[in-house]
Each structure stands twice: as structure tokens, then as C-alpha cells.
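Protein sequences appear in the order of chains A and B. Per this note's numbering, the first sequence runs over residues 1 to 224. Per this note's numbering, the second sequence runs over residues 225 to 446. Built from N, CA and C at the ideal position, the CB exists for glycine as well. Notes to accompany the following structure.
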Amino acid sequence: MSRIVANPDEAVADIVDGATVLIGGFGTAGMPYALIEALLRQGATDLTVVNNNAGNGDTGLAALLAAGRVRRIVCSFPRQTDSYVFDELYRSGRIELEVVPQGNLAERLRAAGAGIGAFFTPTGAGTLLAEGKEQREFDGRLQVLERPIHGDVALIAARTADEAGNLVYRKTARNFGPVMATAARRTIVQVDAVVPVGALDPEAIVTPGIYVDRVVATHDEDPA
Amino acid sequence: MTIEHPDAAPLDRTALAAVVARSIPTGAYVNLGIGQPTLVADHLTPDQRVTLHTENGMLGMGRAAVGDEIDSDLINAGKIPVTELPGAAYFHHADSFAMMRGGHLDVCVLGAFQVSVGGDLANWHTGEPDAIPAVGGAMDLAIGAKQVFVMMNLLTRDGAPKLVPTCSYPLTGLGCVTRVFTEQAVFDLRGGEAVVLETWGTTVDALRELLDIPVRAKEVRA
């Protein structure tokens, strides 16, 4: 069955209420705008969203938040100069927040994709963010037990896909895309272009197609 | 031994950034935190051959992008458009933080609300009830690099020392800070003491009076 779908609406059609959605991007770099806009039109609600941030301005993730579709957000850095949509929801108690150190966020996603049940890390040990978690000393250093973050679906952006779903990214827009692609039951990718099988250099592929379920080509400009 | 400049003015931010830059070893891989530490990049010399890491997935970061160089896919951890240098490399977030946590970075430079004499760092959260908590990569940076440098004012606006016996702000990392750069002095934190390397507009004795921690001069090595 082909992974290539006709448009973003078809790509996100079966995301259900209550789903955990991993959304790629660091700020606006690598943010899958077309897929998020399609999810907004699709109407799924009561979502848990995992992203590094909590939306910028009024577009992308911020628009999903503003529409009241997100019950809970897991991120490292919600507070930004243009995170006013999130700030208002948080201060009025209309969204749950789990703050995770950025490297633990990435590693918890990696662990989910790699079949790791839990891991000890020094990051966050002895801080507020370790409260309620098991802590142990290894090699003279306090470490905290962290669990994987599994997604029902991942929405990510890449530069180019081939028809087998192999992906290459562009510069720092790569960020969370490759780990999120491994951590979800279904990975949906928006790309600038789809090329035939064999057109990508196998040595340069960052995400092998085994992790990719659906690909949609968009030519949307980054609105930010 | 300690170099004292009692008659000099305390350093301004630019001069402090230059002092930090001079302390970075030749050939080091370095992460500069968001805010004041980014000023350090302006003072690194080509002879130092420093490679800058940005935790959103790049080694070999160049200066801020201007005009036609601005590319929304090429940003730093502060989400500012930057440039790439020859030899740059891109990688995903799990790799980027693995190289940090794994101790492969030589130095990171961070800002701070408070640092304890034991090297505890508080720089992510004021702990105020209405503050939205946001940690970003601060906790990963604090425990990851071989040396953690802090750049901060020695005193708060109210005149309270920020180099303290025990941090009152929520911690970012335990026992991680190795050197503290302030407008009045540079301190190495070792064995529960602040060893003064250099001063501007003050002396070791005056710092010992000012701070509520063990302060000593750097000794001449035999």
C-alpha cells in the first residue's frame, strides 16, 4: 500500500479524541503547519500534545490550543515571548502542563521508539522535576528514573521523502522529527517534495521508511 | 596567585564576555546559553578554534544571520536565525542531548539566579507561584559539559549576593558549576570554597567580607 496520501486532511482523518499527538518542531523550525491545520479542521479534541514548546503566535500548535483541542501539553519550554495563547490557557486553568527537561524529552521519545522500558539519567536529579520519581546514585552521581513517551500519532515535517517513506531533513528543522517518527504507532510526515524510490542517496537518509506511515507533499510557506 | 585590580571599575557585560572568552581552551566544543552568554561568541578568536554547539541540533554554528542569510530552518537554541560554518554538522535532538549528557562538550556557559559555593546552580525558575515553569535545556546543560561556567552579576538589584552558601531558588543541577564570572571577580568553586582568580574594583579581603561563604585567594603554585 502506498504511503503517499493526496492531502493533509486525508493524512490526519483517523486521529481520535483523546489521542497523544507528538508534534515535531523547535519553535517554528520543523513545525508541520499543514498537518496541524488539517488536524484543526478534522476536529479531534481532548488531545495530549508533545512538543518542545507550547505554540508561537496564533498559527500551528498555538491555533490548536486556542481552539480548545488540547487537554494536556508535555514540553520543555512553554514560556516564550509569543506564547500568549498558552499563557492565557494555563493561567486560567484550562490546560495541564508537564514540564520535561529538553534532553529528557528527546530521550524519553527515543526510549519509546527503541523499546526501552525506563532509564536513569542525571538530568533533573535532585530538582523539583524529579519529585515523585525514583532517584538512585550510580557511579557517585544522583540519577532519576524516566519513562518513555509513546505517541498514538506523530506529526512531523521533513524536506524530502521518497515513495518508500525514507526521509531527509533540512538544517536545524530536523530537531525532534527523527525521534518522534520512531515513538508513535502512526507517523505522518509533511514534506516539500516526494521523489521516486532510488532518488535519495541511501547513505544520506536520516529516517528510514520503516518508521513512516503516511507522507503528504505540501508547498505551504512557513507562515511565521 | 589572585590578580587584583582594586582601582579598576567593575566589568561591564562586554568586558565580562571577553574575560569568559579568554578562559575557553583552544579547540574546545562549547555551548553558550541563551541571553548574556551568547555575547561570549563575539570575543572568541579564530586562533582558539572553538566549535559552537547549539542544542537544537548543530555543531559549527556561525554568527547571527542578517539580510538574505536568514533561513527559518537554521536557528539557534534562542530561536534566532544563525549561519553555518564550514565543517558544520546537523543531528537530531536525542543525539544533540546525548553528546551533552555524555560529557562530550568541553564547556558550557550559563546565566544564573544563584550559585552555591558547592556548585549547585539555580537558573530556571524563580519559584514564584504565578510563574509558568519552563526549563528548556538548562538542566541538561548543567550536568552535561565537562566544565560549567556561570556568568552573572555578583549581587541582586537589592544588593544580596548571588554566590551563596545554599541556593534558595529551585535548583537546576547539583554540584555542577566549576567557575563563576561576575563583574567584580572570577571564582573557581573547589572543595566548598570560592577561590578568587581575578578581581575588578575590589579585593579578596573585601569579597570575603561581602560574601557569606569561604573565600580565599589563589595560591602560588610551587
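- Within the region 84-95 of chain A, the residues whose Cβ lies closer than 7 Å to some Cβ of chain B are Asp87 and Tyr90, listed in chain order.
- Restricting attention to Ile188(A), Gly209(A) and Ala204(A), the CA atom closest to the CA of Asn7(A) is found in Ile188(A).
- At a C-beta separation below 8 Å, Thr396(B) has these neighbours in chain A: Thr127.
- Chain order gives no chain B residues near Glu146(A), where near means a beta carbon separation below 7 Å; the closest approach is about 12 Å.
- For the 9 Å CB-CB criterion, Ala217(A) and Val168(A) do not form a contact.
- Phe321(B) is the residue among Gly425(B), Val388(B), Pro353(B) and Phe321(B) whose C-alpha sits nearest the C-alpha of Thr278(B).
- Taking 9 Å as the CB threshold, Lys171(A) lines the interface with chain B.
- Taking 7 Å as the upper bound on Cβ-Cβ separation, chain B lies near no residue of the region 183-210 of chain A.
- Residue pairing from DSSP places His229(B) in a beta bridge opposite Trp424(B).
- Minimum Cα-Cα distance from Ala114(A) among the listed residues Arg136(A), Val195(A), Pro178(A) and Leu47(A) corresponds to Pro178(A).
- Annotation: Gln143(A) is outside any alpha helix (DSSP H); the continuous beta strand (DSSP E) that includes it extends over Arg141 to Glu146.
- The criterion of a C-beta distance shorter than 9 Å is not satisfied by Leu89(A) and Asn52(A).
- Lys386(B) places its beta carbon less than 9 Å from that of Thr406(B).
- Cβ proximity to chain A below 9 Å picks out Asp344, Trp348, His349, Gly351, Asp354, Ala355, Ile356, Pro357, Ala358, Val359, Gly360, Gly361, Ala362, Met363 and Asp364 from the region 337-364 of chain B.
- When Glu96(A), Ala161(A), Gln190(A) and Arg186(A) are compared, the shortest CA-CA separation from Ala199(A) is found for Ala161(A).
- Among the CB atoms of chain A, none fall inside 9 Å of the CB of Ser392(B).
- Assigned with DSSP and collapsed to three states, Phe337(B) falls in coil, not helix or strand.
- By the Cβ neighbour-count rule, Asp17(A) is exposed, with fewer than 16 other Cβ atoms within 10 Å of its own.
- Note on Asp213(A): 16 or more other CB atoms within 10 angstroms of its CB, so buried under the neighbour-count rule.
- One thing to note: Leu109(A) has its Cβ no nearer than 9 Å to the Cβ of Leu35(A).
- The alpha-carbon of Ala313(B) is positioned some 7 Å away from that of Gly284(B).
- Inclusion of Gln408(B) and Thr396(B) in the CB contact set at 9 Å is not warranted, their separation being larger than that value.
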